[in-house]
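Participant:
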Amino acid sequence: MENIRIETSLRHRDDVPILDVSGEIDIYTTPQFKEAVSAAIDEGKSAIIINMSKMAYMDSSGFGTLLSATKRLRPLNGALYLVGCNDAITRMLQITRLNTIFGVYATEEEALAAIGRESASAAPAPA
């Protein structure tokens, strides 16, 4: 049995779910990662931030989980925001062009500001 090399915790900031992930996402840890992402989506919020600043590695199964999450958020007009990606994960997002699908930001503050801008632009115009 492979040792679990991932920790997740869900918290909120400005009513936005933030999933903190640390460790390595691979074929062995993806089920736990998928469960944590699913729990965040089940809250019904349209925006979810995944803080990856303590994530050392993510393979294709982890990226697949992120794509599945994005598909689940679409009916809510929602989006997934990734923050704190290390150089290797950022490079993989660029090579695969997944950086055009997810909001990718250096900090939670930047992601929250982007969520605020998108919410404001989606709001109906005042009468």
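If you read the sequence shown in the working numbering, its first letter stands for residue 638, the second for the next number, and so on. Idealized CB from N, CA, C, for every residue including glycine. Predicted model, so just to flag it, every value in this text is computed and none were measured.
1. Using 8 Å as the cut-off, can you tell me whether the stretch 724 to 732 makes contact with the stretch 704 to 713, which would need three or more C-beta pairs spanning the two stretches below that distance?
2. Could you check whether Asp663 and Ser646 sit closer than 8 Å to each other, using their CB atoms as the reference points?
3. Is it right to say Glu680 is buried, meaning 16 or more other beta carbons lie within 10 angstroms of its own, or is it exposed?
4. Only counting the same chain, and skipping five residues up and downstream in sequence, which positions put a Cβ closer than 7 Å to that of Phe695?
5. From the DSSP output, which residues share a beta bridge with Asp657?
6. Ala706 lies in the alpha helix (DSSP H); which residues open and close that run?
7. Given a threshold of 16 other Cβ atoms within 10 Å of its Cβ, counted over all protein chains shown, does Leu749 qualify as buried or as exposed?
8. Per DSSP, what are the beta-bridge partners of Gly715 in this structure?
9. Using the three-state DSSP reduction, which class does Ala743 fall into: helix, strand or coil?
10. Drop a sphere of 10 angstroms on the beta-carbon of Ala757, count the other beta-carbons inside from all chains shown, and report buried for 16 or more, exposed for fewer.
Facilitator: Based on what the coordinates show:
1. no
2. Position 9 of the sequence shown, counted from the first residue, corresponds to residue 646. Position 26 of the sequence shown, counted from the first residue, corresponds to residue 663. No. Outside cutoff.
3. Here residue 680 is taken as the residue at index 43 of the sequence shown, counted from 1. Under this definition Glu680 is an exposed residue.
4. Sequence index remark: in the sequence shown, residue 695 carries index 58 (1-based). Just to set this straight, residue 695 is Met in the shown sequence, not Phe. Cβ neighbours of Met695 within its own chain (closer than 7 Å, five residues either side excluded): Ile662 and Ile726.
5. Within the sequence shown, numbered from 1, the residue matching residue 657 stands at position 20. According to DSSP, Asp657 bridges with Ser646 and Asn688.
6. If you number the sequence shown from 1, residue 706 lands on position 69. Ser697 to Leu710 is the span of the alpha helix (DSSP H), which, as asked, contains Ala706.
7. Start at 1 with the first residue of the sequence shown, and residue 749 comes out as number 112. Its Cβ being crowded by 16 or more others within 10 Å, Leu749 is buried.
8. Counting from one through the sequence shown, the residue named residue 715 turns up at place 78. DSSP output for Gly715 lists no bridge partner at all.
9. Residue numbering aside, residue 743 sits at position 106 when the sequence shown is read from its first letter. The answer is coil: DSSP assigns Ala743 none of H, G, I, E or B.
10. As a working mapping, residue 757 is identified with position 120 in the sequence shown. Burial call: exposed.
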